[in-house]
Amino acid sequence: MAVPECTACGTCCFSNLPEYVRVFGCDYDRMDDRARELTRFIGNRCYMHMEDGRCAALTLDAERGLFLCSIYEVRPDCCRALERGSGACLGELHEKRERPLIALDRLRRSAAPGGDG
Ligand code: SF4
Ligand code: SF4
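Per my numbering, residue 1496 is the first one in the sequence shown, and the count goes up by one each step.
Have a look at this one:
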């Protein structure tokens, strides 16, 4: 399977599960206020907030077709651990590769003149 550049992919930042990206104490301590605003506590555990099927920190650039982590410098350890081209990455691509492409397509349609935006 061809592995895209992460900035052209974003697949591993997509999930419908609210408890997808765990934010441990060391992650939270590293974060600035802006990043912490994108976290949510579920019970006594902290996670990145998920919105529209993806992490709330993920920014889509429809014009350039890019997926950028808006908190890249302070992202949680589990995001750092997922290496491009690793088995985990390939698993993500196998399971969910179409999701970011659909999201980008939706964004482009809503931004187009006469679109639903
Ligand atoms: S690690 Fe893999 S799944 Fe995640 S953005 Fe990069 S290429 Fe895509
Ligand atoms: S924090 Fe950044 S790298 Fe981690 S899931 Fe969210 S957008 Fe992706």
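By construction, the Cβ of each residue, glycine as well, lies at the ideal position given by its N, Cα and C atoms.
On a predicted model such as this, the values are computed, not experimentally measured, just so you know.
- In this structure, the straight-line span from the alpha carbon of GLU1532 to that of MET1526 is close to 10 Å.
- If you look at TYR1542, you'll find it in the beta strand (DSSP E) that goes 1540-1543.
- In the DSSP assignment, VAL1518 is bridged to CYS1541.
- Here THR1534 has VAL1518, TYR1523, MET1526, CYS1541, TYR1542, MET1543 and HIS1544 as same chain residues with Cβ atoms under 8 Å from its own Cβ, once five neighbours each way along the sequence are excluded.
- Around the beta carbon of GLU1558, fewer than 16 other beta carbons sit within 10 angstroms, so the residue counts as exposed.
- Pairing ILE1566 with ALA1530 gives a Cβ-Cβ distance under 8 Å.
- If the five residues before and after GLU1514 are omitted, its C-beta is found closer than 8 Å to the C-beta atoms of ILE1537, ARG1540 and TYR1542, all from its own chain and listed in chain order.
- For CYS1584, the enclosing alpha helix (DSSP H) starts and ends at 1582-1591.
- Between the beta-carbon of LEU1563 and that of LEU1599 there is about 12 Å, and that puts the pair past the 8 Å contact cut.
- Distances taken from the Cβ of MET1543 to the heavy atoms of ligand 2 include one shorter than 7 Å.
- The beta carbon of ALA1576 sits no closer than 7 Å to any heavy atom of ligand 2.
- Counting C-beta atoms within 10 angstroms of its own C-beta, THR1502 has fewer than 16 neighbours from the protein chains shown and is therefore classed as exposed.
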